[in-house]
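Comments concern the structure below.
Numbering (the numbering used here), first residue to last: 429 to 912.
Written out as structure tokens, the structure reads:
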């Protein structure tokens with residue numbers, strides 16, 4: 429077989445290079461590879477080297493399509509990485525300047541006009557392509573980019589990239605944020621692209637997240653390649669153990685150090701005939717939902733059903749909440765409470781918040797910002813609060829990230845840091861919207877045990893959102909499902 433991609437003694441050029449050994453690897457034509465390994469194992473860095481996002485200190489990466497591109501464009505300088513597309517969580521920044529946008533902006537009707545429509549992002553041939561049809565995104569064309577859910581944004585990114593005639597596409601955690609139907613559609617699309625000869629590489633945190641078209645697996649650990657083998661052999665050697673069976677214990681005493689003092693209440697959330705709306709568009713009518721203090725709920729529904737908007741009413745991010753029959757902590761919205769009084773009782777994390785957390789501060793500062801519910805840390809923490817934030821990173825086996833800049837770590841590591849941010853103040857109500865995106869099995873197990881330990885405290889209330897039923901913690905006893 430002919431080599432399509434080859435890495436020979438490749439080492440990244442960066443400060444504090446984490447690679448243990450140079451990377452050596454060959455991808456043959458017709459193969460589809462999954463790069464797997466735990467969070468921080470080096471998958472994203474290796475992909476960045478292949479895609480030209482990270483320069484080489486020494487070694488070489490060769491691409492078989494180099495000669496074909498040179499013959500097609502003989503007078504144009506050849507930069508192979510210009511023909512490689514990396515589709516990951518942060519690829520959304522290629523669609524718009526997110527530095528000029530802020531998280532709550534999507535819920536302010538008068539402030540969304542600067543965000544482009546989906547039909548303006550996709551050229552006509554892209555809108556009518558096989559990829560767009562396979563992903564069923566026609567109904568998104570008249571939505572603004574800022575109003576897309578994380579799952580809808582993922583499908584838009586894939587449609588945009590795949591119709592740009594790339595020579596190689598690397599997908600980082602391809603199925604995150606997608607409901608079961610969308611995951612099946614995307615898996616079929618990957619299989620079809622492979623049959624048509626499109627070279628594909630996937631970064632997967634676990635075996636269960638590998639697309640069915642994968643033929644080979646490259647396993648990484650501690651920023652080194654440790655195994656390369658056909659996918660069948662890998663599956664025989666690495667039978668997945670359900671994450672909840674991992675022997676992981678959590679010291680519950682950590683939660684007691686930072687309890688937010690609030691007056692007593694009986695009802696955490698009560699919605700009466702609430703419409704879920706984007707501006708003037710009603711997504712769902714007459715939602716009635718009561719969450720009593722101490723209850724643990726799972727919130728489910730397909731991409732675009734309005735889950736994130738519904739949560740924005742609760743977390744005081746959406747000004748439309750003032751016009752709705754909504755009670756939070758026994759108090760009707762709009763009766764004199766400030767949004768900061770509401771937020772002080774709630775810990776929250778979501779894919780949307782992750783996307784807009786663009787402050788390049790240390791990971792320790794990101795965790796500590798949870799004390800003040802801010803994007804970035806603008807107030808001075810007490811010594812006890814900083815110790816608490818540091819203890820949370822240690823609990824998540826991520827203390828080595830303490831002084832690293834948030835925007836310089838992988839998306840999976842960022843997700844862990846934001847998970848710690850949501851829990852650092854031990855809130856009365858914890859809202860976790862797809863919290864385990866991009867986490868490896870061990871980290872999922874650890875976070876799941878942390879959620880269970882949090883929920884075992886008296887009177888703690890939980891809303892847990894996921895497209896993966898197997899990830900729902902055992903403490904959850906009630907369910908709310910949104911549909912179209």
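Glycine included, C-beta positions come from ideal geometry on N, C-alpha and C.
Fair warning: this is a prediction, and the values are worked out from it, not measured in the lab.
| Query | Result |
| --- | --- |
| Residues bridged to residue 491 by DSSP? | 433 |
| The alpha helix (DSSP H) spanning residue 882 covers which residue range? | 869–883 |
| Nearest-angstrom Cα distance between residue 513 and residue 472? | 13 Å |
| Tell me the DSSP bridge mates of residue 750? | Paired residue(s): none; residue 750 is not in a bridge. |
| If contacts are defined as beta-carbon pairs under 8 Å, then residue 582 and residue 543 qualify, I think. What distance do you get, rounded to the angstrom? | The Cβ separation is near 17 Å, so there is no contact. |
| Once the 5 residues before and after residue 788 are set aside, which same chain residues still bring their CB inside 7 Å of it? | 833, 834, 835 |
| For a minimum of 3 consecutive residues, which ranges assigned as the beta strand (DSSP E) are wholly contained in the stretch 705–743? | 709–720, 724–728 |
| Quick check on DSSP: helix, strand or coil for residue 702? | strand |
| What number of angstroms, rounded off, separates the C-alpha of residue 448 from the C-alpha of residue 830? | 21 Å |
| Please classify residue 568 as buried or exposed, where buried requires at least 16 other C-beta atoms within 10 Å of its C-beta. | buried |
| Taking all protein chains shown into account, do 16 or more other C-beta atoms lie within 10 angstroms of the C-beta of residue 564, making it buried, or fewer, making it exposed? | exposed |
| My output table needs one value for residue 606: the three-state DSSP class, helix, strand or coil. | coil |
| Would DSSP call residue 441 helix, strand or coil? | coil |
| Which of the three DSSP states, helix, strand or coil, is assigned to residue 859? | strand |
| What would DSSP say about residue 790, mapped onto helix, strand or coil? | strand |
| Is residue 755 closer than 7 Å to residue 698 when the C-beta atoms are compared? | yes |
| What residue range is occupied by the uninterrupted alpha helix (DSSP H) comprising residue 799? | Looking at the DSSP string, residue 799 is not in any alpha helix (DSSP H), and its letter there is neither H nor E. |
| According to the neighbour-count rule (16 or more other Cβ atoms, all chains shown, within 10 Å of its Cβ), is residue 917 buried or exposed? | Absent from the model: residue 917. The displayed extent of the chain is 429 to 912, so no value can be given. |
| In terms of residues, what are the limits of the alpha helix (DSSP H) holding residue 782? | 779–784 |
| Under the three-state reduction of DSSP, which class applies to residue 653: helix, strand or coil? | strand |
| Give me, in chain order, the residues of the same chain whose beta-carbon lies closer than 7 Å to that of residue 672; leave out the 5 immediate sequence neighbours on both sides. | With a pLDDT of only 47 at residue 672, under the threshold of 50, the placement of this residue in the model should not be trusted; the figure read from the coordinates follows. So the qualifying residues of the chain are 873, 876. |
| Counting along the chain, where does the beta strand (DSSP E) carrying residue 600 start and finish? | 596–600 |
| Would you decide whether residue 548 is buried or exposed? Buried here means 16 or more other CB atoms lie within 10 Å of its CB. | exposed |
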